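In the numbering used here, the protein residues as written are 319 to 769. Every residue, glycine too, gets a C-beta built ideally from N, C-alpha and C. In this text, all values refer to a predicted model and were calculated from it rather than measured experimentally.
Here's what the structure looks like:
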């Protein structure tokens with residue numbers, strides 16, 4: 319084990335509604351959806367049409383530019399709808415499931431006995447390859463490239479995030495087989511990063527062929543980008559791949575059973591949830607099967623697939639995102655606030671001491687989605703530097719992105735960051751600027767100019 323790495327800069331946002339550590343099997347969803355919008359940079363090309371019968375693991379669509387990258391159905395059933403947006407952009411492929419699940423057969427194999435090319439081929443054919451993403455750019459990994467290392471963050475410090483030590487309980491065999499497959503994909507190390515504050519799960523500590531790294535500190539200590547920065551930073555021309563623990567387990571199941579098993583443990587959390595807890599479901603399930611009859615009736619609710627900082631807003635009949643292990647419900651914030659900033663703010667969270675709530679450091683809050691102000695010019699307040707843990711100048715990098723100065727962006731560390739690394743900066747920003755969108759635009763510019 320490596321020495322403990324302490325993250326000093328960051329911010330823990332204490333929200334009400336953390337999930338109780340109880341497993342519940344969710345009601346089977348009436349519909350399942352796979353969303354091309356979950357995969358940044360992917361241009362979907364349909365492999366099916368409405369009315370087609372599919373199995374779990376059947377290809378629904380693939381990337382137009384890289385046809386070998388495929389997205390497959392999490393269940394067997396019939397393709398019910400293909401929802402499109404502007405310019406006929408594909409938004410969702412919706413499958414109505416059968417009573418049971420029939421699987422495509424990808425054959426049981428031991429990854430330790432397979433060459434790298436066969437492992438990649440199996441992951442591509444089954445639709446599990448998109449679970450591996452690359453730094454820089456935070457896009458689906460290129461199967462033709464070899465990363466210098468692979469990172470797995472075994473804990474999440476985002477608000478109301480699931481406890482992965484609890485989620486992976488009893489899945490040591492699947493996790494180990496997944497690690498055996500991933501270790502063939504890199505010439506470097508497979509890093510598993512754990513929280514040093516608590517004893518990590520034996521699933522992680524007993525795994526062979528990995529390097530365990532311990533981290534301590536506030537959010538974003540659990541972000542894989544922060545961990546990469548302190549262990550194996552990404553320089554120009556280098557690649558690092560990342561994957562979540564649950565996706566490692568899914569890879570393990572693929573090799574053990576020969577099936578694409580989309581099972582996933584999801585934390586239902588948030589102040590508007592009656593009984594926050596963990597649900598066993600399938601990737602892409604309609605969130606209504608998890609949230610129905612478990613919501614407090616206190617006005618309009620915002621449904622988020624993911625966490626409040628980086629998640630995606632969905633409707634109550636929306637679908638769980640491909641990379642998400644959390645559903646968060648918070649107040650919409652569409653009601654008038656009496657006195658506004660003139661109130662003492664005992665129930666308002668603030669980074670500064672603008673409200674009297676600073677007297678209660680352990681208090682948990684019911685925070686809504688209200689901006690608490692209007693858009694204005696990006697102001698230099700020093701707040702970004704308080705919550706940004708990397709040895710990078712966040713404000714200067716943002717300015718370089720806005721003016722599209724590629725040389726300066728490189729010098730300031732654009733290859734090390736992605737949009738989620740700036741989520742806390744966006745949260746504390748007094749200017750109400752869409753900072754994550756700015757960073758994403760900068761990354762897209764780099765892809766375009768450096769390809």
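Sequence-distant residues of the same chain with beta carbon closer than 6 Å to residue i, five excluded per side
i: residue 362; result: 354, 379 and 408
i: residue 588; result: 335, 646, 647 and 648
i: residue 739; result: 543
i: residue 388; result: 377, 380 and 445
i: residue 618; result: 650 and 652
i: residue 620; result: 648, 650 and 687
i: residue 319; result: Any reading at residue 319 needs caution, since the residue's pLDDT is 44, under 50, leaving its predicted position unreliable; the model's value is listed next. So the list reads 530, once near-sequence residues are dropped.
i: residue 506; result: 466 and 467
i: residue 386; result: 442
i: residue 560; result: 451, 469 and 542
i: residue 412; result: 349, 351, 398 and 399
8 Å contact criterion, which residue i and residue j should meet: CB distance rounded
i: residue 707; j: residue 538; result: 6 Å
i: residue 374; j: residue 580; result: 7 Å
i: residue 454; j: residue 585; result: The pair is not a contact, with the Cβ atoms about 29 Å apart (cut-off 8 Å).
i: residue 472; j: residue 518; result: 6 Å
i: residue 614; j: residue 492; result: Going by Cβ atoms, the distance from residue 614 to residue 492 rounds to 36 Å, so no, they are not a contact pair.
i: residue 328; j: residue 705; result: 6 Å
i: residue 596; j: residue 350; result: About 20 Å separates the two Cβ atoms, so there is no contact after all.
i: residue 715; j: residue 700; result: In fact, because the Cβ distance is near 15 Å, the residues do not count as touching under 8 Å.
8 Å Cβ shell around residue i - same chain, five flanking residues per side excluded
i: residue 437; result: 429, 499, 502 and 503
i: residue 552; result: 453, 454, 546, 558, 733 and 734
i: residue 693; result: 749, 750 and 751
i: residue 754; result: 628, 737, 738, 740, 741 and 744
Neighbourhood of residue i by C-beta, 7 Å cutoff - its chain only, sequence neighbours within 5 removed
i: residue 324; result: 534 and 535
i: residue 795; result: In the structure as shown, the chain begins at 319 and stops at 769. Residue 795 is therefore absent and cannot be evaluated.
i: residue 635; result: 604 and 606
i: residue 419; result: 374, 393 and 394
i: residue 682; result: 332, 333 and 334
i: residue 482; result: 472, 473, 474 and 563
i: residue 497; result: 508, 525, 527, 528 and 566
Where residue i sits in the DSSP three-state scheme
i: residue 379; result: strand
i: residue 714; result: helix
i: residue 319; result: Only weak support is given to the placement of residue 319: the predicted model assigns it a pLDDT of 44, under 50, and the question is left unresolved by the model.
i: residue 502; result: coil
i: residue 342; result: strand
i: residue 331; result: coil
i: residue 545; result: helix
i: residue 261; result: This structure gives no information on residue 261, because the portion of the chain shown stretches from 319 to 769.
i: residue 374; result: strand
i: residue 733; result: helix
i: residue 700; result: coil
i: residue 494; result: helix
i: residue 412; result: strand
i: residue 514; result: coil
i: residue 634; result: coil
i: residue 609; result: helix
i: residue 578; result: coil
i: residue 528; result: coil
Unbroken beta strand (DSSP E) run spanning residue i, endpoints
i: residue 623; result: 619-623
i: residue 452; result: 451-453
i: residue 583; result: 581-587
i: residue 389; result: 388-390
i: residue 471; result: 467-471
i: residue 364; result: 362-364
i: residue 558; result: 558-560
i: residue 647; result: 644-649
i: residue 682; result: No beta strand (DSSP E) holds residue 682; DSSP gives it neither H nor E.
i: residue 667; result: Counting along the chain, residue 667 falls outside any beta strand (DSSP E), and DSSP gives it neither H nor E.
Per-residue burial, residue i [other beta carbons within 10 Å of its own, 16 or more giving buried]
i: residue 698; result: exposed
i: residue 640; result: buried
i: residue 624; result: buried
i: residue 582; result: buried
i: residue 489; result: buried
i: residue 403; result: exposed
i: residue 435; result: exposed
i: residue 758; result: buried
i: residue 426; result: exposed
i: residue 590; result: buried
i: residue 679; result: exposed
i: residue 511; result: buried
i: residue 520; result: exposed
Minimum Cβ-Cβ distance from residue i to chain D less than 7 Å
i: residue 604; result: Protein chain content of the structure displayed is limited to a single chain, and chain D is not contained in it.
Residue i: CB within 6 Å of a non-hydrogen atom of the ligand PLP
i: residue 547; result: Among the ligands in the structure shown, none appear at all, so the ligand PLP cannot be discussed.
Start and end residues, alpha helix (DSSP H) containing residue i
i: residue 741; result: 741-746
i: residue 571; result: 563-575
i: residue 755; result: 753-768
i: residue 689; result: No alpha helix (DSSP H) holds residue 689; DSSP gives it neither H nor E.
i: residue 436; result: 434-444
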